[in-house]
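Some notes on the structure that comes next.
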Ligand code: KIV
Ligand code: ZN
C-alpha cells in the first residue's frame, strides 16, 4: 500500500484562528504530542511573523524528534532566512514557501503578471535551496488557478529544487470529483513530477475538506496537510483524525496507509481543544463526544447484540475508552435492561411485571429530563423521587469586564432557605460568575466542558455545561438571551444533580 505522509499544520494554520493562539510552551507541548501521534511533518509556525513564533519554531526544532519540522515563509528572502534559522536545529528541517497562482491573487494581491510571479517563486526556491535541502512550495489558491499556469509553475519550482509541491484549495472552493481529477491531471501533465512529493491542503468552507483530501489521495497525492479537530482559518482545515481514520477504515478503497498511531488521536484532540479553547462539536466525526454514543432504542438494541451492527470502528482504535449507551426517552427495553444489569438489578423471566413497572417509570422520567443517569435508575428501581431538588437557586448576579483586565462577578444564590452572595474573578464574565458560584457552594467540582452557541445577535444563547466530580459527569443545559445567566443556570442545574445524587453529602 502507498504510504501517505501526514503534514500537521495545527501549529500554523490552526493557530492563526482568533482566540486560539498558543504561547511557546503550549506549542512545544502540542508538538511533542504530534510526534507521539506519529505525524510525518509538523508545521510549527510562521517564523517571520513574530519573535515569539520564531522562538517557538526553533524550540520545537531543537526538542521534538521524529517528524520533519517546517515553518511557513512568503516568497521573500527575509521570511526564508527566518525559517531556515528556526528549523536548522531539527534533524530533518524543511522550508515551506507559499506564493499564489490564481489570477485573483496575482491581480488583486500581488499586482504582478503570471511570469513575474513564477520567476519570483523560482528565485525563492533557489534561494531557499542553498539554506536547506528539503523545500516545499505551495501554489496558494490552486483550485481557482488556470490549470496550465499551475502546471508550468509546478514544473518550474521542481526544476529549481522543490522536493514537495503542495496544491492548496485555499478558499475551500473545490469539490471532490473535480479536485481528484485536477490532481491526477496535474500528475499526468507535469513532466518532472516524479522528482517531488505531491501534497494537498484543503479548507472546509463548503464542508468538503476531508472529502477533497481523500479524493486527492485516491488520485495519487502522497502528502495531505491537515489539523487536529479541523481547526484553522474560517471554517477550518481538513481534519487529521477524519482523513487518517478514513484511510485506515477504507484502505481497501484508497490502497493507501498512513503512519499515524491512531490510539493517540483522542488524547491529541483533547490537548488541542483545551489549549486552544476551541470546543469540539458533539457530533464531530471520530472525536466528538457523541461519536461513539448510541441513543435510539433500535440502535442500542442492535449495538448490544453485536457491536458491529452500529459501529464501523472501535472507540479504542482512536484512544477512547468505550462506547456509550445514553439512556433517553428513545431508548428501548434492551438498553434499559442492560444498564440495570450493570448496576446489579437483574429481572428474570418471572419478574416481567416488575421490569415493566420500572420501564414505565423510566419513560416518565426520560420524558422530563434529557438523559437518565445511573443514580436516577437507582431511584427509579427503589421507587424514590427522581426530581432534582433545587438546592441552589439563582437570585441575582452582576458581571463587569474591561478591555485590559479580568472580569468580576457577584452572584446571589438561594441556598436551603438562606441568601448567600459572593464575588468571583475570571478571564471572562462567564468564568468569573462560575467562580463566584464555587465560592458559595464550596463543592470540589470542576468544569469539564462548557459550550455556548447562539444563532445571531437577538436570539437566545444556548449553554451546555459538563461538571466533573471524581469520575462522574453532570451535564446540563440552559438558554437565555443573556449568555452569562444561561451559563450560571446550566451550571447550577449540574450542581443540583450532583447534590441530589449524593443525597447532599459531598466529601472531598
Ligand atoms: O490555505 C493555504 O493556501 C495555506 C498555504 C500556506 C498552504 O495555508
Ligand atoms: Zn491553509
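Numbering (the numbering used here), first residue to last: 3 to 510.
For glycine and all other residues, C-beta sits at the position ideal for the given N, C-alpha and C.
(1) My guess is that residue 2 and residue 477 are in contact by the Cβ rule of under 8 Å, so how many angstroms apart are they, rounded?
(2) Taking just the CA atoms, how far does residue 184 sit from residue 158?
(3) Do you know how far the Cα of residue 287 is from the Cα of residue 218?
(4) Examine chain C for any beta-carbon lying closer than 8 Å to the beta-carbon of residue 101, and answer yes or no.
(5) Assuming residue 465 is part of the beta strand (DSSP E), what are its boundary residues?
(6) What are the start and end residues of each continuous beta strand (DSSP E) run of 3 or more residues lying completely inside the segment 35 to 93, in chain order?
(7) Do you know offhand how far residue 86's Cα is from residue 104's?
(8) Could you have a look at residue 205 and say whether DSSP puts it in helix, strand or coil?
(9) Work out the CA separation of residue 113 and residue 225 for me, nearest whole Å.
(10) Would you mind sorting residue 316 into buried or exposed? The rule is 16 or more other CB atoms within 10 Å of its CB.
(11) Rounding to the nearest angstrom, what Cα-Cα distance links residue 200 and residue 221 in this structure?
(12) For residue 372, collect the residues of the same chain with a Cβ closer than 7 Å to its Cβ; drop the 5 residues on either side in sequence, then sort them by chain order.
(13) Hey, residue 32 and residue 273: beta-carbon distance below 8 Å or not?
(14) Is the beta carbon of residue 322 less than 8 Å from the beta carbon of residue 341?
(15) Please give the ranges of any alpha helix (DSSP H) in the segment 214 to 240, keeping only runs that are unbroken, at least 4 residues long and fully inside the region.
(16) Taking only runs of the alpha helix (DSSP H) that begin and end inside the segment 340 to 408, which ones reach a length of at least 4 residues, in chain order?
(17) Exposed or buried, residue 80, counting other C-beta atoms within 10 Å across all chains shown (16 or more means buried)?
(18) Going by beta-carbon coordinates alone, are residue 54 and residue 13 separated by less than 8 Å?
(19) Looking at the structure shown, is residue 118 part of a helix, part of a strand, or coil, going by DSSP?
(20) In terms of DSSP beta bridges, what is residue 326 paired with?
(21) Provide the residue span of the alpha helix (DSSP H) that contains residue 178, from first to last.
(22) Tell whether a beta-carbon distance below 8 Å holds between residue 282 and residue 297.
(23) Give the range of the beta strand (DSSP E) segment to which residue 149 is assigned.
(24) Tell me which residues share the same chain as residue 443 and place their Cβ nearer than 7 Å to its Cβ, disregarding the 5 neighbours each side in the sequence.
(25) Less than 7 Å between the CB of residue 15 and some heavy atom of the ligand KIV, yes or no?
(26) Following the continuous beta strand (DSSP E) through residue 113, name the residue where it begins and the one where it ends.
(27) Give a yes or no on contact between the segment 230 to 245 and the segment 201 to 214, applying the rule of three or more CB pairs nearer than 8 Å.
(28) Identify, in the order they occur along the chain, each residue of the same chain with its Cβ nearer than 7 Å to the Cβ of residue 441, setting aside the five sequence neighbours on each side.
(29) Which first and last residues belong to the beta strand (DSSP E) in which residue 520 is found?
(30) Return the chain-ordered list of same chain residues with a C-beta closer than 8 Å to the C-beta of residue 257, the five sequence neighbours on each side being excluded.
(31) How long is the line joining the alpha carbons of residue 447 and residue 431, rounded to whole angstroms?
(32) Taking Cβ positions, are residue 145 and residue 100 nearer each other than 8 Å?
(33) Output needed for residue 223: all residues of its chain with C-beta closer than 6 Å, excluding positions within five of it in sequence on either side, in chain order.
(34) Throw me the rounded Cβ distance for the residue 434 and residue 401 pair, which I believe falls under 8 Å.
(35) Would you kindly work out how many angstroms separate the C-alpha atoms of residue 195 and residue 156, rounded to a whole number?
(36) Using DSSP with H/G/I as helix, E/B as strand and the rest coil, what is residue 266?
In terms of the structure at hand:
(1) Shown here, the chain extends from 3 to 510; a query on residue 2 therefore has no answer.
(2) Residue mapping note: residue 158 aligns to position 156 of the chain shown, counting from 1. Residue mapping note: residue 184 aligns to position 182 of the chain shown, counting from 1. Their backbone Cα atoms lie some 18 Å apart in a straight line.
(3) Translated into positions along the chain shown, residue 218 becomes position 216. Translated into positions along the chain shown, residue 287 becomes position 285. When rounded, the distance between both Cα atoms is 20 Å.
(4) Absent from the structure: chain C. Only one protein chain is present.
(5) Taking the first residue of the chain shown as 1, we reach residue 465 at position 463. Where residue 465 is concerned, the enclosing beta strand (DSSP E) stretches over 463 to 471.
(6) Taken in chain order, the complete beta strand (DSSP E) segments of 3 or more residues contained in the segment 35 to 93 are 43 to 45 and 70 to 76.
(7) To locate residue 86, count along the chain shown from 1; it is residue 84. To locate residue 104, count along the chain shown from 1; it is residue 102. Taking the straight line joining both Cα atoms gives about 27 Å.
(8) As a first step, residue 205 must be located in the chain shown, where it is residue number 203. Here residue 205 sits in strand by DSSP.
(9) Within the chain shown, residue 225 is the residue found at index 223, counting from 1. Within the chain shown, residue 113 is the residue found at index 111, counting from 1. Their Cα atoms are separated by approximately 31 Å.
(10) Position 314 of the chain shown, counted from the start, is the residue given in the question as residue 316. Per the 10 Å Cβ criterion, exposed.
(11) For the purposes of this step, residue 200 is taken as residue 198 along the chain shown, with counting starting at 1. For the purposes of this step, residue 221 is taken as residue 219 along the chain shown, with counting starting at 1. If you take the alpha carbons of residue 200 and residue 221, they lie about 10 Å apart.
(12) Locating residue 372 in the chain shown gives position 370, where the first residue counts as 1. Only 330 meet the Cβ criterion.
(13) In the chain shown, residue 32 corresponds to position 30, counting from 1. In the chain shown, residue 273 corresponds to position 271, counting from 1. It is a contact, given that the beta carbons lie within the stated cut-off.
(14) To locate residue 322, count along the chain shown from 1; it is residue 320. To locate residue 341, count along the chain shown from 1; it is residue 339. For residue 322 and residue 341, no; Cβs fall outside 8 Å.
(15) If we require 4 residues or more, the segment 214 to 240 turns out to have no alpha helix (DSSP H) run fully inside it.
(16) 354 to 370 and 376 to 383
(17) To locate residue 80, count along the chain shown from 1; it is residue 78. With fewer than 16 Cβ atoms within 10 Å of its Cβ, residue 80 is classed as exposed.
(18) Within the chain shown, numbered from 1, the residue matching residue 54 stands at position 52. Within the chain shown, numbered from 1, the residue matching residue 13 stands at position 11. No, Cβ-Cβ distance for residue 54 and residue 13 is not below 8 Å.
(19) Within the chain shown, residue 118 is the residue found at index 116, counting from 1. Correct three-state label for residue 118: helix.
(20) Here the question's residue 326 lines up with position 324 in the chain shown. Per DSSP, 295.
(21) Indexing the chain shown from 1 puts residue 178 at position 176. Start and end: 178 to 191.
(22) Within the chain shown, residue 282 is the residue found at index 280, counting from 1. Within the chain shown, residue 297 is the residue found at index 295, counting from 1. Contact flag unset, no.
(23) Taking the first residue of the chain shown as 1, we reach residue 149 at position 147. Taken as a continuous stretch (DSSP letters only), residue 149 belongs to no beta strand (DSSP E), being part of the alpha helix (DSSP H) at 149 to 162.
(24) Along the chain shown, read from residue 1 onward, the residue named residue 443 stands at position 441. Listed in chain order, the non-local C-beta contacts of residue 443 below 7 Å within the same chain comprise 394 and 497, local neighbours out to five positions each way being set aside.
(25) Taking the chain shown and counting its residues from 1, one reaches residue 15 at position 13. Answer for residue 15: yes, Cβ within range of the ligand KIV.
(26) Translated into positions along the chain shown, residue 113 becomes position 111. Element bounds for residue 113: n/a, residue is neither H nor E.
(27) yes
(28) One-based indexing of the chain shown puts residue 441 at position 439. Around residue 441: 424 and 426.
(29) One cannot answer for residue 520 here, as it falls past the ends of the chain, which runs 3 to 510.
(30) Residue mapping note: residue 257 aligns to position 255 of the chain shown, counting from 1. Counting only Cβ-Cβ distances below 8 Å, and skipping sequence neighbours, we find 3 and 4.
(31) Your numbering for residue 447 matches position 445 in the chain shown. Your numbering for residue 431 matches position 429 in the chain shown. C-alpha separation (whole angstroms): 19 Å.
(32) The residue labelled residue 145 in the question sits at position 143 within the chain shown. The residue labelled residue 100 in the question sits at position 98 within the chain shown. Result no, Cβ atoms of residue 145 and residue 100 do not sit closer than 8 Å.
(33) Your numbering for residue 223 matches position 221 in the chain shown. Apart from the 5 residues on each side of it in sequence, residue 223 sits with its Cβ closer than 6 Å to the Cβ of 185, 200 and 202 in its chain, given in chain order.
(34) Indexing the chain shown from 1 puts residue 434 at position 432. Indexing the chain shown from 1 puts residue 401 at position 399. Rounded, the Cβ-Cβ distance is 6 Å, consistent with contact.
(35) Your numbering for residue 195 matches position 193 in the chain shown. Your numbering for residue 156 matches position 154 in the chain shown. Between residue 195 and residue 156, the C-alpha separation is close to 8 Å.
(36) Start at 1 with the first residue of the chain shown, and residue 266 comes out as number 264. Reduced to three states, the DSSP call for residue 266 is helix.
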